[in-house]
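Residue numbers (UniProt numbering): 1 to 111.
One structure below.
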Amino acid sequence: RRQRFQAMAAEGVKYLEENAKKEGVNSTESGLQFRVINQGEGAIPARTDRVRVHYTGKLIDGTVFDSSVARGEPAEFPVNGVIPGWIEALTLMPVGSKWELTIPQELAYGE
1 RRQRFQAMAA
11 EGVKYLEENA
21 KKEGVNSTES
31 GLQFRVINQG
41 EGAIPARTDR
51 VRVHYTGKLI
61 DGTVFDSSVA
71 RGEPAEFPVN
81 GVIPGWIEAL
91 TLMPVGSKWE
101 LTIPQELAYG
111 E
């Protein structure tokens, strides 16, 4: 199990390194990567705000593990009630934006 985890972690690091080289991909100090597809003009949410978002969560192999789009209903939650990568992105992203996030495991669900 430990070897499998180490192999997956190494694969994730390689993916992030390659993704960072792509045109339009921005990286934050924490390692969060994002590409702005459409920049909104609304306010930037605070950690204590509630937001409504559509999202599709994918693994690096493209496997979809969750999708509000597939459910046909945006998710609503407090900004500070989600994984650290989302908190960081949401507090950088003006309302009305569409971004593609690439979140390292330490800012997501960990192991």
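Heads up, the beta-carbon is just placed ideally off N, CA and C, and yes, glycines get one too.
Query, Result
"Given 8 Å, three or more beta-carbon pairs between the segment 76-89 and the segment 27-42", "yes"
"The segment 74-88 / the segment 8-25 touching (three or more Cβ pairs under 8 Å)", "no"
"Runs of alpha helix (DSSP H) lying entirely within the segment 65-100, each at least 4 residues, in chain order", "68-71, 84-90"
"Through-space distance from residue 73 to residue 20, alpha-carbon basis", "31 Å"
"C-beta contact flag for residue 79 and residue 46 at 9 Å", "yes"
"Separation of residue 43 from residue 51, as counted between CA atoms", "11 Å"
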